[in-house]
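Sequential numbering from 1 applies to the sequence shown in UniProt numbering.
Glycine included, C-beta positions come from ideal geometry on N, C-alpha and C.
Let me begin by presenting the structure, written as structure tokens, before commenting on it.
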Amino acid sequence: MNSRIITFYSYKGGTGRSMSLANTAWILASNGKRILVVDWDLEAPGLHRYFHPFLPDHELRSSPGVMDLVWEFATAAMDPATPDEPAWHERLAEIEPYAMSVEHPFPGQGTIDFVPAGRQDDLYSTLVTTFDWSNFYERLGGGGFIEALKRGMRERYDYVLIDSRTGLSDTAGICTVQLPDMLVNCFSLSTQAIDGAEAVAASVHRQRAGDQPRMFPVPMRVDDGEQDKLESSRDYARAKFGRYLSHVPDPDGYWGDVEVPYKPFYAYEEILATVGDRPRQQDTVLAATERIVAHLTDHEITRLVTDLDEPGRRALLERFQRVGPLASDRLTPDRRRQPSSRVFISYSYDSIDHFEAVRELWFLLRGHGINALLDRAPGQRQPDWRPWQREQLLAADTVVVVPSPAYRRQPTDDVKDLREAYRTRPRRFVRVVLPGGLTKICPTSSGVRRARVRRRSER
């Protein structure tokens with residue numbers, strides 16, 4: 001079988017496009033296919049969240065992607081030292097250096113490789129907003145680079161799934177016009193969404209008149225609460241998109257197959273329906289996606305292949321649960337009955353960077369269900385501060401001491417209760433050295449247990 005490049009596009013956001021792509025990738029890989037997933041929604045990347053339990057770099061802080069790929073090409077194209085040879089850009093169009101594997105044991109040769117939008121650091125938004133796509137195409141030969149990228153992806157994967165940004169833009173044009181063999185056009189059943197999606201379909205067909213991609217219009221987030229309005233919207237969508245389904249043997253049956261129902265369970269977190277839904281159940285997001293996959297593969301693949309039993313599926317689902325300040329609401333009954341540990345963080349304001357590191361430590365502890373409390377900064381210490389601090393020191397199960405130059409310079413009276421608390425119960429104290437802090441100086445005894453938090457670059 002020839003490899004296929006499939007773009008998932010939506011004219012408006014909030015349709016469930018990225019989720020549909022992620023579920024499609026999982027179903028294909030479960031059938032032994034080699035899958036490449038590319039997040040080309042450069043302005044609002046988020047596809048990685050559907051795979052985050054299985055990615056080595058969950059937040060993509062150090063993982064290069066599409067923006068790094070095109071910037072490297074553009075930089076080389078503008079460099080006078082670059083050889084003036086016909087295929088000089090072929091090496092730069094290799095996708096492997098930007099792909100990471102989804103770490104899950106799929107059957108047979110099944111794999112999912114994921115290319116993010118780019119390294120999610122402080123520089124990312126600047127790279128996106130300053131990249132000149134017109135210059136990329138008109139002066140730097142970007143069209144040839146994209147063609148080389150297509151060839152390389154086809155050689156290595158059975159299916160390449162591209163998550164396009166919404167609306168009309170240069171990057172959306174790359175994903176909808178130049179790259180795909182198939183276009184999954186996702187839309188909700190509002191009039192504006194249908195009209196916008198159909199206008200894009202018409203534009204793609206005009207621009208690819210001699211080699212039109214196969215179009216798959218897919219209604220998403222379909223809610224049957226208002227049956228009369230739903231039927232009217234269905235009729236309108238079918239009238240608008242019917243002309244693009246000449247490649248489908250049974251257009252009427254197609255519409256019944258591909259509607260994706262709205263399920264509130266998926267409205268709050270990025271969870272794969274291949275994990276969230278039970279297999280072989282009707283009227284689920286998974287069942288709808290299986291039918292979409294059947295159309296995309298000419299019915300070669302029609303269902304998810306999994307050897308997970310129900311306890312295994314639920315265990316996998318737990319890996320998607322969000323960790324945050326309210327995560328304790330979703331703890332198991334046994335864990336919920338356990339009293340939360342109380343942690344008091346003693347620090348002194350040294351710099352904005354150091355304070356942000358202290359605050360991040362507090363936030364992470366809270367996110368894991370720990371009742372953490374920050375000491376008051378020197379500038380916020382009112383007359384009632386000493387009795388308040390004494391109360392917190394007595395009540396805390398653990399006292400975290402964060403040393404820094406400013407911490408060392410605290411007046412003796414300000415650390416009196418801290419020293420007394422350490423003298424009476426030293427085992428409760430833990431010294432945590434944050435970036436920019438001190439490793440040897442602390443107002444309490446040198447016997448405090450130590451932990452050092454390092455920057456990612458130091459690891």
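Review point. According to the Cβ coordinates, are methionine 220 and serine 246 closer than 9 Å?
Key: no
Point to revise | Environment of asparagine 23 [buried if 16+ CB atoms lie within 10 Å] | key: buried
Exercise for review: Please look up how many angstroms separate the CB atoms of isoleucine 35 and tyrosine 124, rounded, as I've assumed it's under 8 Å.
Suggested key: About 25 Å separates the two Cβ atoms, so there is no contact after all.
**Study point:** Backbone CA spacing between valine 258 and proline 80 [nearest angstrom]
**Key:** 51 Å
Review point. Which parts of the segment 192–242 are runs of the alpha helix (DSSP H), unbroken and 4 residues or longer, counting only runs that do not cross its ends?
Key: 227–241
Check your understanding: What are the start and end residues of the alpha helix (DSSP H) that includes isoleucine 146?
Key -> 142–156
Check your understanding: What's the C-alpha gap between phenylalanine 54 and proline 387?
Key -> 48 Å
Point to revise | contact_flag[the segment 273–288, the segment 203–210] where n(CB pairs < 8 Å) is 3 or more | key: no
Review point. Can you tell me whether DSSP reads tyrosine 422 as helix, strand or coil?
Key: helix
Review point. When we look at the beta-carbon of threonine 297 and count the other beta-carbons within 10 Å, is it buried (16 or more) or exposed?
Key: buried
Check your understanding: Below 8 Å, can you find three or more Cβ-Cβ pairs linking the segment 10–26 to the segment 84–95?
Key -> no
Review point. If you count every other CB in all the chains shown that lies within 10 Å of the CB of lysine 33, and 16 or more means buried, which is it?
Key: buried
Check your understanding: Do you know how far the Cα of threonine 306 is from the Cα of glycine 110?
Key -> 12 Å
Practice item. Indicate whether at least one CB of chain D lies closer than 9 Å to the CB of threonine 82. Key: No chain D appears in the structure shown, which is made up of a single protein chain.
Check your understanding: Between the Cα of valine 402 and the Cα atoms of Arg390, Leu394, Leu418 and Glu391, which residue gives the shortest distance?
Key -> Leu418
Exercise for review: Round the Cβ separation of alanine 74 and leucine 140 to the nearest angstrom and send it over; I've been treating them as touching at under 8 Å.
Suggested key: 6 Å
**Study point:** Environment of phenylalanine 241 [buried if 16+ CB atoms lie within 10 Å]
**Key:** buried
Review point. Using DSSP with H/G/I as helix, E/B as strand and the rest coil, what is alanine 372?
Key: strand
Exercise for review: Can you tell me which of Asp252, Ile174, Gly65 and Pro405 puts its alpha carbon nearest to the alpha carbon of serine 164?
Suggested key: Ile174
Exercise for review: Figure out for me which residue from Lys12, Val115, Glu85 and Arg319 has the closest Cα to the Cα of isoleucine 271.
Suggested key: Arg319
Review point. Quick one, are the C-beta atoms of isoleucine 27 and leucine 308 less than 9 Å apart?
Key: no
Review point. Distance, Cα to Cα, glycine 256 vs aspartate 250?
Key: 10 Å
Review point. Can you give the Cα-Cα distance for isoleucine 6 and proline 180, rounded to whole angstroms?
Key: 5 Å
Check your understanding: What's the call for glycine 16, buried or exposed, on a 16-neighbour Cβ count within 10 Å?
Key -> buried
Check your understanding: Residue ranges of each alpha helix (DSSP H) run of no fewer than 4 residues wholly in the segment 230–301, ordered along the chain?
Key -> 251–258, 273–276 and 285–296
Check your understanding: Where does the unbroken beta strand (DSSP E) through arginine 49 begin, and where does it stop?
Key -> Element bounds for arginine 49: n/a, residue is neither H nor E.
Check your understanding: In angstroms, rounded to a whole number, what distance separates the CA positions of leucine 394 and aspartate 353?
Key -> 29 Å
Exercise for review: Assign aspartate 163 to one of three DSSP states: helix, strand, or coil.
Suggested key: strand
Exercise for review: Spell out the partners DSSP gives methionine 78 in its beta bridges.
Suggested key: Paired residues: none, contrary to the question.
Review point. If we ignore side chains and look at the alpha-carbon of each, how far apart do proline 264 and glutamate 85 end up?
Key: 55 Å
Practice item. Could you pull out every residue in the same chain whose Cβ sits closer than 7 Å to the Cβ of arginine 330, ignoring the five residues on either side in sequence? Key: Summary for arginine 330: the model assigns pLDDT 45, below 50, so the residue's position carries little reliability, and this model does not support an answer.
Point to revise | Backbone secondary structure at serine 348 - three-state DSSP | key: coil
Practice item. Could you check what DSSP says for valine 38 in three-state terms: helix, strand or coil? Key: strand
**Study point:** Option in Lys12, Ser232, Ala267 and Tyr347 with minimal Cα separation from alanine 406
**Key:** Tyr347
Review point. In whole angstroms, what separates the C-alpha of residue 466 from that of isoleucine 146?
Key: Summary: the structure shown does not reach residue 466, with the chain confined to residues 1 through 459, and so no result is reported for it.
Practice item. Leaving aside the five residues before and after arginine 314 along the sequence, list all residues of the same chain whose C-beta is less than 8 Å from its C-beta, in chain order. Key: none
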